[in-house]
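**Student:** Quick note on numbering: the numbering used here labels position 152 of the sequence shown as 338, and the sequence is numbered without any gaps. Just so it is clear, CB atoms sit at the ideal spot from N, CA and C, and this is done for glycine as well.
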Amino acid sequence: MRDAMNGSRMKSQLLVLPLWLALIVFVVVPLAFIVVVSVFRYEDFTVVPAMTFENYASVFSANLTLVLYLSMLKFTLITWVLTAFIGFWIAYFLAFHVRNRLIGIGLFLACTVPFWTSNVIRMISWLPLLGKQGLINSALMQLGLIDHPLQFLLFSDLAVVVSYVHLFTIFMIVPIYNSMNRIDRALFEAATDAGLSRLQTVLFMVVPLCKNGIILGSIFVVTLVMGDFYVVKVMSGGGSASAVSAMADDISTLLFPHAAASAVVLLVLLTLVVAAIMRFVDVRAELAERR
187 MRDAMNGSRM KSQLLVLPLW LALIVFVVVP LAFIVVVSVF RYEDFTVVPA
237 MTFENYASVF SANLTLVLYL SMLKFTLITW VLTAFIGFWI AYFLAFHVRN
287 RLIGIGLFLA CTVPFWTSNV IRMISWLPLL GKQGLINSAL MQLGLIDHPL
337 QFLLFSDLAV VVSYVHLFTI FMIVPIYNSM NRIDRALFEA ATDAGLSRLQ
387 TVLFMVVPLC KNGIILGSIF VVTLVMGDFY VVKVMSGGGS ASAVSAMADD
437 ISTLLFPHAA ASAVVLLVLL TLVVAAIMRF VDVRAELAER R
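(1) In whole angstroms, what separates the C-alpha of residue 390 from that of residue 351?
(2) May I ask you to report which of helix, strand or coil DSSP gives residue 368?
(3) Would you call the stretch 324 to 337 and the stretch 235 to 252 in contact, with 3 or more CB pairs under 8 Å?
(4) Let me make sure I understand the geometry here. Which of 314, 434 and 401 has the alpha-carbon closest to that of residue 465?
(5) Once DSSP output is grouped into helix, strand and coil, what is the label at residue 285?
(6) Between the stretch 435 to 444 and the stretch 225 to 242, are three or more C-beta pairs nearer than 8 Å?
(7) Hey, could you find the ends of the alpha helix (DSSP H) residue 233 is sitting in?
(8) Would you call residue 298 buried or exposed, if buried means 16 or more other Cβ atoms sit within 10 Å of its Cβ?
(9) Rounded to whole angstroms, what is the Cα-Cα separation between residue 241 and residue 420?
(10) With DSSP run on the structure shown, which of helix, strand or coil describes residue 227?
(11) CB-CB under 7 Å to residue 220, same chain, minus the five flanking residues each way: which ones, in chain order?
(12) Pull up the CB-CB distance for residue 428 and residue 257, whole angstroms please, since I reckon it's below 8 Å.
(13) Using DSSP with H/G/I as helix, E/B as strand and the rest coil, what is residue 335?
(14) With a cut-off of 8 Å on the beta carbons, I'd call residue 362 and residue 403 a contact; round off their distance for me.
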């Protein structure tokens, strides 16, 4: 009996061995390398191996660091609120208002069509819409609603948020839709018999039951926004920046130790944010339910 258990345990370990090797090679080793480089010194365009915390001191002492992180958190919060609101109601419509399940699946797959193109193309597609001579300004001027093109539509924080919502709402729709599909439809009849209105049913029944999907989608959106720099750089016209864009500037000027220190700080912050979000969801239970 004991030999059979030992054999079964060994087989299980062998099955997860490739996963462990992949995690070590592609996650642990690169992160360890970044941490090591973050304590190196940069002198005369050369990275000098040395144990120093000057890079971290520079990151924490610079006033620009606080500004960049506040800007990044601002974009993250706004994008999270909008994607959660839009993603929830799209998922709600697909899950409960489309009677034909085949049509619902087709509409759900239609939401993924934009992913057939790259993020860069989808982001740049907003330029002819939001520009001074773009479709929105042209339409408003032809309707006589404005006399001059609106300046804040493009190369502004609004353009950054619009691009983020366009790019990342799908990451909120998918987990919420999956959670809603597991809700027993008989509960709606029970809610109606209990005298709940449709809005009360959504707030007091649907939202709590798809909490895990909302939180998982939030993790996706938060990590994607906090790890992005290209959208901020292009859509703001250089008027806004984030901590990641500062790292990109450091790398372009070969300041690898300083960029590595900034990356470690951002990684710690992002880990704390995700850990705080994960306190509200049991991922193991969520995965077990899907099985």
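**Tutor:** Working from what's here:
(1) Indexing the sequence shown from 1 puts residue 390 at position 204. Indexing the sequence shown from 1 puts residue 351 at position 165. One C-alpha to the other measures close to 26 Å.
(2) Here residue 368 is taken as the residue at index 182 of the sequence shown, counted from 1. Of the three classes helix, strand and coil, the one that applies to residue 368 here is coil, per DSSP.
(3) No, the stretch 324 to 337 is not in contact with the stretch 235 to 252.
(4) To locate residue 465, count along the sequence shown from 1; it is residue 279. Among 314, 434 and 401, the Cα nearest to that of residue 465 is on 401.
(5) If you number the sequence shown from 1, residue 285 lands on position 99. The three-state secondary structure of residue 285, taken from DSSP, is coil.
(6) The stretch 435 to 444 vs the stretch 225 to 242: in contact.
(7) Within the sequence shown, residue 233 is the residue found at index 47, counting from 1. Careful: residue 233 lies outside any alpha helix (DSSP H), inside the beta strand (DSSP E) at 232 to 234.
(8) In the sequence shown, counting from the first residue as 1, residue 298 sits at position 112. It counts as exposed.
(9) Residue numbering aside, residue 241 sits at position 55 when the sequence shown is read from its first letter. Residue numbering aside, residue 420 sits at position 234 when the sequence shown is read from its first letter. Their Cα atoms are separated by approximately 28 Å.
(10) Residue mapping note: residue 227 aligns to position 41 of the sequence shown, counting from 1. If DSSP states are grouped into helix, strand and coil, residue 227 belongs with the strands.
(11) Position 34 of the sequence shown, counted from the start, is the residue given in the question as residue 220. Within the same chain, residue 220 has close Cβ partners 446, 449 and 450.
(12) Indexing the sequence shown from 1 puts residue 428 at position 242. Indexing the sequence shown from 1 puts residue 257 at position 71. So it is a contact: roughly 6 Å between Cβ atoms.
(13) Here residue 335 refers to the residue found at position 149 when the sequence shown is read from its first residue. Coil.
(14) Reading the sequence shown from its first residue, position 176 is the one you call residue 362. Reading the sequence shown from its first residue, position 217 is the one you call residue 403. That belief holds up - the Cβ atoms of residue 362 and residue 403 are roughly 6 Å apart, short of 8 Å.
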